[in-house]
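Numbered according to this note's numbering, the sequence shown spans residues 226 to 382.
Step one of this worksheet: look at the structure below.
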Amino acid sequence: MPDQATIDAAAVDARLAETEYDDAQAWLHARSTASEPLAAEVWVTDPEHRHVLLVRHRVRGRVPPGGTVEPGETPRAAAARELFEETGLLGELLSVPAAVAVRSFRAAWTPTLSLSYGAVISRDAPLGGETGRTSTDRPKRHPALVLSWTSGSHVRT
Numbered sequence: 226m227p228d229q230a231t232i233d234a235a236a237v238d239a240r241l242a243e244t245e246y247d248d249a250q251a252w253l254h255a256r257s258t259a260s261e262p263l264a265a266e267v268w269v270t271d272p273e274h275r276h277v278l279l280v281r282h283r284v285r286g287r288v289p290p291g292g293t294v295e296p297g298e299t300p301r302a303a304a305a306r307e308l309f310e311e312t313g314l315l316g317e318l319l320s321v322p323a324a325v326a327v328r329s330f331r332a333a334w335t336p337t338l339s340l341s342y343g344a345v346i347s348r349d350a351p352l353g354g355e356t357g358r359t360s361t362d363r364p365k366r367h368p369a370l371v372l373s374w375t376s377g378s379h380v381r382t
């Protein structure tokens, strides 16, 4: 369960977000206690904004790097941590959150607040993550994610 500092940081970033979906701010403020986890993700583009870095999740398909905000962690810090854990990349997140939404990541799961951040990183940066293996030698049975730079024309919106 998120602590109050985490909720406060999420509320600030929700107000700053470029785009709001699902009346997310009202949803957040309607909660008397924070019983649901918070989620954070990072949309990484190359400097030319022609490619986006996606990971292949074993259940959800191709998604941006992201995950659950840990207790005592801000959503921004969680996004940076997840980016590193899943891709091996240390990138500076853009100053303004890209979006805030209310999402359920699986049909049976409770909806949660999700904050999306952006980062611009060269495609030349070496990819790794989760298991310490590169995307080409990661075993298929491992739940870790497979990384790929994807042309913007292949991304669903």
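All C-beta atoms, glycine included, are put in the ideal place defined by N, C-alpha and C.
N- and C-terminal bounds of the beta strand (DSSP E) containing residue i
i, result
"L340", "337–345"
"W404", "This structure cannot speak to residue 404, because the chain is shown only from 226 to 382."
6 angstroms CB neighbourhood of residue i in its chain, flanking five on each side removed
i, result
"S329", "P336"
"P322", "D238, L241, A242, L340, Y342"
"Y246", "A326"
"A265", "G291, V294, P300, A303, A304, L340"
Residues bridged to residue i [DSSP beta-bridge criterion]
i, result
"E295", "None; E295 has no bridge partner."
"T244", "A324"
"G286", "H282"
"T375", "V277"
"L318", "A344"
Three-state secondary structure (DSSP) of residue i
i, result
"E307", "helix"
"R281", "strand"
"A235", "helix"
"G357", "Reliability fails at G357, whose pLDDT of 46 lies under 50, so the model's placement of it is uncertain and the value that follows must be treated cautiously. Residue state, collapsed to three classes: coil."
"P300", "helix"
"A332", "coil"
Inter-residue Cα distance where the pair is residue i and residue j
i, j, result
"P262", "L314", "24 angstroms"
"V267", "R287", "13 angstroms"
"W252", "E310", "29 angstroms"
"D228", "A324", "22 angstroms"
"R283", "G291", "14 angstroms"
"S347", "T270", "8 angstroms"
"A249", "R256", "11 angstroms"
"G354", "E307", "9 angstroms"
Close-in-space but distant-in-sequence residues of the same chain around residue i (CB under 8 angstroms, 5 per side omitted)
i, result
"H254", "A236"
Contacting residues, own chain, Cβ-Cβ under 7 angstroms from residue i (five flanking each side not counted)
i, result
"T299", "T231, A234"
Endpoints, the alpha helix (DSSP H) within which residue i is located
i, result
"L253", "249–254"
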